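Under the working numbering, residues 3 to 127 are what the sequence shown spells out, in order. C-beta: ideal position from N, C-alpha, C; glycine also. As the structure is a computational prediction, the values presented were derived from the model and not from experiment.
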Amino acid sequence: MTAVPRTGPAKVCWLLLWMCLGLLLFLQAYDGLVRAMPWFVILGLRMLPLMMFVPAMIKDSMTSFIWLCFVCLMYFIVAVERIFAEPGNPVAILSLVAVVGLFLSAMLYVRKRGPQLRAGAMTQS
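Pasting the structure below:
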């Protein structure tokens, strides 16, 4: 963890980011189990691309949040295709909401947290 505390909008984005990430991981696992996919496909192809950012996100690495936004775009494409293929599927709709929420909260977190970290670095030096 960093020594600079999260305040204001950065803290809200941080909490929203973890909620959306948890929801998206849960929906990926649920959808894989409903479709009777093998466990290694669920873990390796559906959840691992998101989970590999968690250690760097805990360390508050801004670069990892930026790369998470790029990975979210792949999940967004899949969610939009699923909504067009299955228009009434609530899992597809929730997945799209979770992906959009994750993307926006990660993007806004970098935007709001960056100045806090720079200001903290200036006061420490």
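Residue i vs residue j beta-carbon contact at 9 Å
| i | j | result |
| --- | --- | --- |
| Leu-51 | Val-80 | Per the sequence shown, the amino acid found at residue 51 is Pro instead of Leu. No; because the gap between Cβ atoms is not below 9 Å, this pair is not in contact. |
| Leu-1 | Cys-15 | This structure does not reach residue 1, given that the chain is present from 3 up to 127, and the question cannot be answered. |
| Met-49 | Ala-38 | no |
| Phe-86 | Leu-19 | no |
| Leu-70 | Phe-55 | yes |
Close beta carbons around residue i, own chain, < 7 Å, minus the five adjacent residues each side
| i | result |
| --- | --- |
| Cys-22 | Ala-100, Gly-103, Leu-104, Ser-107 |
As assigned by DSSP and simplified to three states, the class of residue i
| i | result |
| --- | --- |
| Gly-103 | helix |
| Gly-122 | helix |
| Met-53 | helix |
| Ala-108 | helix |
| Met-3 | Confidence at Met-3 is low in this model, with a pLDDT of 46, below 50, so the placement of that residue should be treated as unreliable; the coordinate-derived value is given next. Residue state, collapsed to three classes: coil. |
| Gly-116 | helix |
| Ala-12 | helix |
| Ala-38 | coil |
Close Cβ partners of residue i (< 6 Å) along its chain, the five nearest in sequence each way excluded
| i | result |
| --- | --- |
| Met-3 | Here the model assigns Met-3 a pLDDT of 46, short of 50, so the residue's position is not dependable and the matter cannot be decided. |
| Arg-84 | Ala-94 |
| Ala-58 | Ser-66 |
Own chain partners of residue i with C-beta closer than 8 Å, once the 5 adjacent residues on each side are dropped
| i | result |
| --- | --- |
| Leu-26 | Leu-52, Tyr-77, Ser-97, Ala-100, Val-101, Leu-104 |
Inter-residue CB distance, residue i and residue j (contact presumed, cutoff 8 Å)
| i | j | result |
| --- | --- | --- |
| Ala-5 | Arg-115 | Not really, about 13 Å apart at Cβ, beyond 8 Å. |
| Gln-118 | Thr-9 | 7 Å |
(request) Identify every run of the alpha helix (DSSP H) within the segment 59-94, keeping only runs that are complete inside it and at least 4 residues long; order them along the chain. (result) The segment 59-94 contains these whole alpha helix (DSSP H) runs: 64-87.
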